[in-house]
Every structure is written in structure tokens, then in C-alpha cells.
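> Residue numbers (this note's numbering), protein chains in the order written: chain A, 744 to 1093; chain B, 744 to 1093. Dumping the structure here so I can ask a few things about it.
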DNA sequence: TAATATAGCTAACTCGTTTTAGCAAATCGT
DNA sequence: ACGATTTGCTAAAACGAGTTAGCTATATTA
């Protein structure tokens, strides 16, 4: 690489001081620069292809202009999250528009050497967006207490942590209500992940609530546990098939998990939706192309990232921490895996 | 946030100079520090929870210790790449071990404001890993000519650009050979993306070569084009079904695209593999859970990222640019979407 | 004992910016 | 015409580390 062009080079070439160069290029208000020198500086900067050194700028500004995006899940499973790229796209977009960059770092909770705190202490980032925290993540609580700019993408069991999320409980309720509306009364559930994660807990609660509100019994023996992977869905579905009386519908709180479940059904020659209705959650990019196309809850992943980044940047730029959480709407997507009410009647008639 | 602890604070607390603190904490060789002061510095640094400021360190070292990961695809389609998270995990792992961080940035080729070059000029990164370049990407050639440390994840039409990739041609050949081995003679192909991308071109070449080597005709009217999305696979497969004589097998150079194709087959009541054999490419995490489980070519995504990061860091640390490309092995994964040779005979007998 | 070497430390410079304080010349007001 | 203001610019300090050159006291050598 050739040597870099510095402000000093521009100053010398333009016959002015470094200070003037800085004033001109940053459009500093209140600093009177004649139109003549102003143009001269602009021209020579252009001619020398000058770009200010980000590191030096960070140094004096006391800001890195870098947002950290931390994925806080088991390393092997974090990547089962197929919405992650969309979230990152949302963040990148906003970051780019505001002159920020995005640092990506997986930091599992048990990791001793790498911690969220270190990212701040070493001043690698100005703020953090934390994806998928455990609901009892103590480090996050500590950092928040120390006023570190953090936006959660998810929720933890501690009040007043700014977060961008969907209403998992309500969305799950919507999903299960759809199944109930189709006439199902014996509905099993497979969770998306361990109940250590608030999203899992909330979706389970939504399931329960929908049942209870409809006057149906909540039966714990119909709840099975996934761990974000198709394999876990496969095994959970096998357990369901081992049940004495089959449920007529299953609510699976993750499309990725559902994929494994559908596979288990396929292998056992059980038709969807004719023999069993399946409702998913997440609306990963592939859901609509599955056989049968999966009915599910759409998560606005891009928007989740977009909002998180916007809140964080507002916090950093204006020093105002968000006063309330940002809860985005979900949409229920009806495809074919639940069957329609009409179809169901036809089937039962047969 | 409380004020940061600086080396100066540690120095004052330990009653030594800042220089000494630096010497001790960096284990500078040849600098004689008594065991006594050494411990004192270590202890107070620990007590004050001192972590050196990354920005200041970058400033004086002339290095950012940041690797850029640039995704060079159309923004809306980049995220159809479900292997991306795995690649990033591979990169992060290596980066972390060597004291580097990972900057993630989508930079589509047409983007005027954001360019790869700017990342270097502004010194945001020390080096770049570029994913999915177009085969005629001029900016990459220019940067390489200027000696910028860049590792391609993919290939472009220009010699001597260090790259980490799989042998797409050979892998495609392997895939098509499998279909030929099963007795298929009329095999269609759907590409993974536009032929602007070298991977698409290479996979098409592999398909052609396998046919020709087996003495089968290469028929251009059997080649259809995908664009990384399931939708494109859906449409391409519909075109195939409109053909007068159906092919008995289709090689689809992307599992994601194949997903849409499978959906089209499903909607037309065409059974896989009984009526048509389908071979994919990529082995995305979901392929083995599709109905039927998709036979495909496994890409070692994590390893791709791992190797790219290792090469880049070696380049940066030892100033030795890689002398040859890193081509990783692929593996053909036989599942159910092609049927077995035996099954096929049974079918034809019926 | 004087000259030299070594152990153990530190002052001061460097990196490339932004920003504060201030200086000289031109313009203004009366 | 003389002080006050404004215009147009710059010197120098700051950010927080790493690093070079050098200083002082003690130990070693001749």
C-alpha cells in the first residue's frame, strides 16, 4: 500500500494550515474561511484523494463510531437462526447512513475471556445490540447499571432495559387461536428453545393463554422442547407420535424446529394438514416453499435490526436513552400446513 | 459510563511512570524491570481494571486489528445465502484468537458512496475478506494492484488474487455424475445465480463436462437460470415442466433455489424422486430435513471462513501474502431426492 | 580508585485528527 | 483618525497508547 495522504499533506499542498483544512472539510460553523481558500482546500483534498483516518478521528472524538452486534447464543446454535442475516442487514443500513460501522461478535454467556464489558473497556465499540440474551444475563444488568448504551434484541428478567422485540406471547396466542378457530381442541406445542430464553417462555405462555381463554385445558404433557435445531423438532415430534392419543394440531414455536418435525411426520406417512395441522413461528425465508407451505408468524427481522440500530444511534448521538421498548407487530401468515376450516370439515366427513 | 482507567492512572497509583506500565503490561523484551515493580504494576492494573484503549493502540501501531467482511451481492439477495452465518462464525473464531475483530459490511458493486477502497483509505480495516464478488469486479483488481490485503471468498477473472473457495466445477461434475450413474440421460440444470458470478459459471461448466464425458449431449435448452432465491427455482422448474419431454433428473446448483423447485413439483403432483430426481448444491442446514431429504454437495462453510481469516491474518502479521489459493474439498451427500439406482429400476419396471 | 558496564527506570516524541485560544490585518464606527 | 470590531487564518493542546533515547545509581572491571 502506498503511504496514506494525511491532512498535513493537504495543508502543505494547498498552502494553508492543518487547522484550516480541518475547518473546511468538516464545515465547522463560526469559522470564517474565505471562499477562495475554501475551494483550494476542497480541490487539493479531492486531488490527493484525502480521506481522514478513522482511528485518529476516534481518538480525538472519544468515539469509535462502531456499533457492536453481539450474538449471545451457543456458538453452534446461533447460526440456526436464519433471520440473523436479515437483522444484520437492517442494522447495517441504518449504521451506514449515520456514519457508523458494524462489528460482529459472537459472545456466548459462559465465555470467560470475551465479555461484553471488555468491548467497552477496550473501547472497541460505542454501544451494543445484544441478540438473544438469556433471561438472567447478569452481565447485561451490570452494564446497564453502569449506563452503557445497550439495546437488547430480546428481553431479560430485569426492568428498564431498552429492547426491540416482538410481543412473543401475543403472537403465539394469535397462532394458537388460529388452530382453535379451525376446530382443534387437542393442540400440542414444541418450544423454539430452552425456557432460559424469554422468547421461549413467552411463546409458551401465549400458547397456554390461548387455550385457557378458549376454555380448553392446558395439559403439560402436550408440551415438548426444541432447541432451535431441526433435529430437536424431529425428536420432539417423534415423542408426540408416541403419545397414546395424537393431537390434531401442533404449534411449533420455530420454523427451523418445525422443519425437523415435518420430516418426522413425512417419515411416518402422516399427512399435513390432513392428518395433523402444523403452525410454525418466525417465517424464515424458506417456510413458504416447504411442502406443504408452512403457516406461521411473520417476524419483521429487518425492521427489528433497523429499529435497534436507530435507537442505539439516537442514544449515542443525542445522549438520550430510549424511554420505552420498541415492540414490533407480527403478522400471522396462513399458508397450507394448517388446512382451512372448510377443508377440515371435508376431511372429518370422510 | 464512569471515566475510563488509563495507563496514566495505573502509573500514578503504582508510583511509576507510564512508560514502565507499558513495558510491564506488554512484556517488552530487553527492558529490565525489577520483579518488585513488575508485580506492583500488574496488581494495580488488575485492581483498577485497566484495559488499554483500542483506538489509541491502533493509532500508534498503525493497525486497526479489524478485519472487514464484505458481502458483495445485491442487498436483497445476499441474505438468501444461508451459509453466510457459518462462514462468519469461522472468521470470528480465528479473528478472536489472534486479537482481531470483525467488521461486517454489505457493499454492493454499484454502491457509489461505499466502496471497498474507502474502507482502506479511511483506515477502518487492516484487510478484507470479500464474499461473492462478480467475476469482473474491477475495484478488487485495483486494490490488489495497490497491494491491499484482500482474500476473496470466491473467484474473479483475474490471476493471482488470493482466494479461498471450493472447486465448483469439479463438485458440480461429481453431482451430475451421480445422476448419470443412476441411469439418467436427460438431465436439466438450474443455475444458482447469474453467470456474472464465477461460481455459477463454474457449476454450469461442471454440468456440461460431466455430460460430455459420459457421451451425453449438452443441450442448452435444458439449462435454466436461478438467482439465489426459492422463487427463481420455482419459476425455472415451471419452465422445465412446460418442456415437451420432461427430463428425468434436474441438477439445481443451489439448495435454496431447489427449495422453490421442489415446491413447484409438489404443486404439480410430481413425485421426487419417483417421477423426477433432484440433486442440489450447498447443503444448507435445512436440506436434510426437506421432504424428501435433498441429495446435495456439502460446502464446508465454516472452514471456508476459517481458512480465509487465517490467510488474511498471516498476511497482516507476517507480511507474507498467500502464494496459492486455498481450495477446499466438497463432499457429495446422498439422501433421498435422487432415488437409488435400484429403486429407479424398480420404478421403470412398473 | 577510576573507568566502564549494567540494572532500572523515565522524559519526551509519535501517530493523525479535532478543537481551543489567539494573532494580525482589514473593516467599521464616530 | 483612532479605537473597536470583524475577517481570515494558525499555533498549540488534546486524545491514550507505544517507543526511542537517555539518565541515574549501582555493580563490575582494570
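Beta carbons: idealized from backbone N, C-alpha and C, even for Gly. Because the structure is a prediction, the values reported are computed rather than measured.
On a CA-only basis, which of A:1050, A:1075, A:1027, A:1079 is nearest residue 1036 of chain A? Give me that one, please.
Closest option to residue 1036 of chain A, Cα to Cα, is A:1079.
> Report the residues of the region 777–806 of chain B with a CB closer than 8 Å to any CB of chain A, ordered along the chain.
Listed by position along the chain: 792, 794, 795, 796, 797, 798, 799, 801, 802.
> For residue 952 of chain A, collect the residues of the same chain with a Cβ closer than 6 Å to its Cβ; drop the 5 residues on either side in sequence, then sort them by chain order.
The answer, listed in chain order, is 916.
> Which residues in the same chain as residue 847 of chain B place their Cβ atom closer than 6 Å to its Cβ, once the five residues preceding and following it in sequence are excluded?
Hits under 6 Å: 812.
> Using a Cβ cut-off of 7 Å, which residues of the region 827–842 of chain B contact any Cβ in chain A, in chain order?
From the region 827–842 of chain B, only 827, 828, 829, 831, 832, 835, 839 have a Cβ closer than 7 Å to chain A.
> Please go through the region 789–834 of chain B and give each complete alpha helix (DSSP H) segment of 4 or more residues, from N-terminal end onward.
Correct list: 797–804, 818–821.
> Would you give the residue range spanned by the alpha helix (DSSP H) that residue 746 of chain A belongs to?
Premise fails: residue 746 of chain A is in no alpha helix (DSSP H) and is neither H nor E.
> Secondary structure at residue 931 of chain A, three-state DSSP: helix, strand or coil?
In the structure shown, residue 931 of chain A sits in a strand (DSSP, three-state: E or B).
> Check whether the Cβ of residue 861 of chain B lies closer than 8 Å to any Cβ atom in chain A.
Closer than 8 Å: yes.
> Are residue 849 of chain B and residue 818 of chain B close, meaning C-beta to C-beta below 8 Å?
In this structure, residue 818 of chain B lies closer than 8 Å to residue 849 of chain B by Cβ.
> So with CB distances below 7 Å, who are the chain A contacts of residue 1029 of chain B?
Per Cβ cutoff of 7 Å: 973, 1002, 1029.
> Would residue 1021 of chain A pass as a contact of residue 931 of chain A if the rule is Cβ separation under 8 Å?
Taking 8 Å as the Cβ cut-off, residue 1021 of chain A and residue 931 of chain A do not qualify as a contacting pair.
> First and last residue of the beta strand (DSSP E) that includes residue 994 of chain B?
Per DSSP, residue 994 of chain B belongs to the beta strand (DSSP E) from 992–995.
> Cα-Cα, which of A:747, A:851, A:1033 is closest to residue 1008 of chain B?
Answer by Cα proximity: A:1033.
> Find the nearest neighbour of residue 935 of chain B within the set B:866, B:799, B:746, B:823, judged by alpha-carbon distance.
Of the candidates B:866, B:799, B:746, B:823, the one whose C-alpha sits nearest the C-alpha of residue 935 of chain B is B:823.
> Determine the extent of the alpha helix (DSSP H) in which residue 704 of chain A is found, giving its start and end residues.
No statement about residue 704 of chain A is possible, as the shown extent of chain A runs from 744 to 1093 and does not include it.
> Among the residues of its own chain, which have a CB less than 7 Å from the CB of residue 1054 of chain A, if the five just before and after it don't count?
Correct list, in chain order: 894, 905, 907, 1065, 1069.
> Any beta-carbon of chain B closer than 8 Å to the one on residue 876 of chain A?
No, residue 876 of chain A lies away from the interface with chain B (no Cβ there is under 8 Å from its Cβ).
> Are any of the Cβ atoms in chain B nearer than 8 Å to that of residue 855 of chain A?
So no, residue 855 of chain A is outside the interface.
> Measuring only between beta-carbons, confirm whether residue 847 of chain A sits less than 8 Å from chain B.
Judged by the 8 Å Cβ criterion, residue 847 of chain A is in contact with chain B.
> Assuming contact is defined by CB atoms lying nearer than 8 Å, are residue 866 of chain B and residue 807 of chain B in contact in what I supplied?
For residue 866 of chain B and residue 807 of chain B, yes; Cβs fall inside 8 Å.
> Please confirm whether residue 1037 of chain B has its beta-carbon closer than 8 Å to some beta-carbon of chain A.
Residue 1037 of chain B does not count as touching chain A.
> Please confirm if residue 1079 of chain A has its CB atom under 8 Å from at least one CB of chain B.
Residue 1079 of chain A does not count as touching chain B.
> Relative to the alpha-carbon of residue 843 of chain B, which residue among B:1052, B:1062, B:1071 has its alpha-carbon at the smallest distance?
When each option's Cα is compared against that of residue 843 of chain B, the closest is B:1052.
> Would you check if the region 777–794 of chain B and the region 757–764 of chain B touch, i.e. whether three or more CB-CB distances between them fall below 8 Å?
With a cut-off of 8 Å, the region 777–794 of chain B and the region 757–764 of chain B count as touching, because enough Cβ pairs lie within range.
> Buried or exposed: which applies to residue 796 of chain B, given that a residue is buried once 16 or more other Cβ atoms fall within 10 Å of its Cβ?
So residue 796 of chain B counts as buried.
> Residues of chain A with CB closer than 7 Å to the CB of residue 822 of chain B, please, in chain order.
The answer, in chain order, is 828, 829, 832.
> Would you check if the distance between the CB atom of residue 1097 of chain A and the CB atom of residue 892 of chain A is smaller than 8 Å?
Beyond the ends of chain A as shown, which are 744 and 1093, falls residue 1097 of chain A; an answer cannot be given.
> For the region 960–986 of chain A, list every residue whose C-beta sits within 9 Å of some C-beta in chain B, in sequence order.
Within the region 960–986 of chain A, the qualifying residues are 972, 973, 974, 976, 977.
> Can you tell me whether residue 1164 of chain B is helix, strand or coil according to DSSP?
Residue coverage of chain B in this structure runs from 744 to 1093, which leaves residue 1164 of chain B outside it and unanswerable.
> So what's residue 1073 of chain A in DSSP terms, helix, strand or just coil?
In this structure, residue 1073 of chain A counts as coil in the three-state DSSP scheme.
> Looking at the strands, I want to know which residues DSSP matches up with residue 871 of chain B.
Answer by DSSP bridge pairing, in chain order: B:811, B:893.
> Spell out a yes or no on whether the region 918–930 of chain B and the region 969–977 of chain B are touching, meaning 3 or more CB-CB pairs, one atom from each, closer than 8 Å.
Cβ pair count under 8 Å is below three, so no.
> For residue 1085 of chain A and residue 1017 of chain A, I'd like the C-alpha separation in whole angstroms.
Note that residue 1085 of chain A scores a pLDDT of 45, beneath 50, so its modelled location is shaky and nothing firm can be said.
> Could you compute how far the alpha carbon of residue 1038 of chain B sits from the alpha carbon of residue 1071 of chain B?
Each residue's alpha carbon lies about 20 Å from the other.
> Any beta carbon of chain A sitting closer than 8 Å to that of residue 817 of chain B?
Chain A contact via Cβ: absent.
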